[in-house]
Structures are given as structure tokens and as C-alpha cells.
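Written out below as C-alpha cells is the structure these notes cover.
Chains as they are written, first to last, in our numbering: chain A, 555 to 665; chain B, 236 to 348.
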């Protein structure tokens with residue numbers, strides 16, 4: 555099993571550009587999450603999904619959108635990138651035991 | 236408001252020392268608590284998961300405890316090694332509200348030879 559995979563690993567965006575961060579898992583988990591981690595801080599929840607077709611906002615959803623058309627994939631869309639969105643983004647999936655498994659992250663810089 | 240706090244923010248110890256990392260939380264309605272390790276520039280690796288019905292979990296040199304009544308969890312690392320150097324994060328999954336982990340800011344551990 556590859557576990558949770560994320561692409562790209564790094565990206566530099568100009569202010570106002572848009573992009574999609576990809577996340578996929580092969581563990582057949584229903585629950586998936588997007589977090590952002592700012593330097594020296596814990597992780598903040600952006601969006602989550604409890605299954606295909608069902609998504610909901612977390613603590614910091616502004617400036618982001620998600621979709622969940624399949625169990626495996628949970629992409630995160632950034633529209634009109636702003637410097638405040640410079641961060642490391644992590645995708646995670648959750649097993650039935652509530653244990654969460656994380657991808658390697660995407661390091662995003664907006665200049 | 237549900238909050239998770241980790242103290243200290245950073246810790247430096249000599250190799251071979253036994254050490255304790257602390258995690259506290261404000262809501263006793265905790266469903267489980269998970270400890271993660273994060274190496275610089277990497278993702279999070281799950282170390283231990285303690286369900287609310289359990290008091291502790293062990294994996295190798297790691298032992299994590301959970302005390303719901305006092306709102307505390309500790310991660311004990313025995314005979315620390317330089318390879319243990321990383322940031323350790325705890326996260327609580329709380330009953331009520333929506334499904335989410337609440338993370339502490341982490342303890343950055345350095346084990347020097």
C-alpha cells in the first residue's frame with residue numbers, strides 16, 4: 555500500500571493564481587482531511603470529508619474549496635492565492651479506529 | 236473551547252536519558268489521543284493511539300498514558316537516542332462537534348550524543 559500520497563511536493567504561486575493540491579489514499583478510508591501547518595504551530599483543519607460526495611468546513615476554510623467524487627481522492631483547490639496561504643499542507647485519512655494517517659505534505663509559497 | 240497544549244516547546248537532552256513529553260487538554264470528553272512524530276520537512280508519523288477507555292499504550296521504547304480526569308497525557312521515551320530527535324505532536328479527538336483532531340503545537344526534541 556502506498557498509504558496517503560500528495561502532489562506536488564513543492565509549489566510557488568504568484569498572488570491571484572489558482573491551483574489544486576492532489577491527495578489520494580489506497581486504504582479505502584471514508585474519512586479524509588486537509589490541514590495546514592504554519593511554522594511553529596500545530597495543524598489547523600481546513601476541510602474534511604466523511605465519504606464520497608460529502609464534505610464540510612473545518613476551522614480555516616476561507617480561500618479553499620474541496621470535492622470528493624471518489625473514496626480515494628480528495629483534492630484541495632486554492633482560488634486567488636494570497637500570501638497568507640503560504641504554508642505546508644497535509645492530507646490525512648482516518649481508519650475505523652480513528653487513527654489518522656498523513657501524507658508527506660505540500661510546501662506552498664505565495665509571493 | 237477545546238484546546239491542546241504541549242509544554243515545553245523545545246527540549247534538549249543527552250543521549251541515554253529517559254524523558255517525558257507533556258500534553259494537556261481542556262475537555263475531558265476526549266474520545267482518543269494520538270501521538271505523532273514529525274521529522275523536519277516531512278509528514279506526520281503516528282506513534283501511539285490511546286482510546287479513552289485505555290490508560291496507556293506501549294510501543295518499543297515509547298509509552299503513552301492518558302488521564303482524562305486531569306486532562307493530561309504523557310509520552311515517555313526510554314533510553315533516548317539521537318535518532319529520536321524530531322518534533323512530537325499530540326492530538327485529541329473529542330466527542331461532540333464534528334469529527335476532527337485538535338493538535339498541540341508540538342515539542343521539538345533534540346537528543347545529542
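The C-beta atom is built at its ideal place from N, Cα and C for all residues, glycine as well.
Counting other Cβ atoms within 10 Å of its Cβ, residue 603 of chain A reaches 16 or more and is therefore classed as buried. Residue 268 of chain B is not a Cβ neighbour of residue 297 of chain B, given a cutoff of 8 Å. In the DSSP assignment, no residue is bridged to residue 569 of chain A. For residue 651 of chain A, the chain B residues whose Cβ falls inside 9 Å of its Cβ are 267, 284, 286, in order along the chain. Interface criterion met: the Cβ of residue 597 of chain A is under 8 Å from a Cβ in chain B. For the set B:339, B:323, B:347, B:337, the Cα lying nearest the Cα of residue 274 of chain B is the one of B:323. Here the alpha carbons of residue 283 of chain B and residue 292 of chain B stand approximately 7 Å from one another. The beta carbons of residue 560 of chain A and residue 660 of chain A sit closer together than 8 Å. In its chain, beyond the 5 residues on either side, 340, 341, 342, 343 have a beta carbon closer than 8 Å to the beta carbon of residue 244 of chain B. Non-local C-beta neighbours of residue 311 of chain B in its own chain, meaning closer than 6 Å and more than five positions away in sequence, comprise 255, 298, ordered along the chain. For residue 284 of chain B, the uninterrupted beta strand (DSSP E) segment begins and ends at 279-286. Beta-carbon to beta-carbon, residue 303 of chain B and residue 281 of chain B are separated by about 20 Å, too far to satisfy the 8 Å threshold.
With respect to residue 605 of chain A, residue 581 of chain A sits apart: the two C-beta atoms are not nearer than 8 Å. Residue contact with chain B for residue 639 of chain A: absent (no Cβ-Cβ distance below 8 Å to any residue of chain B).
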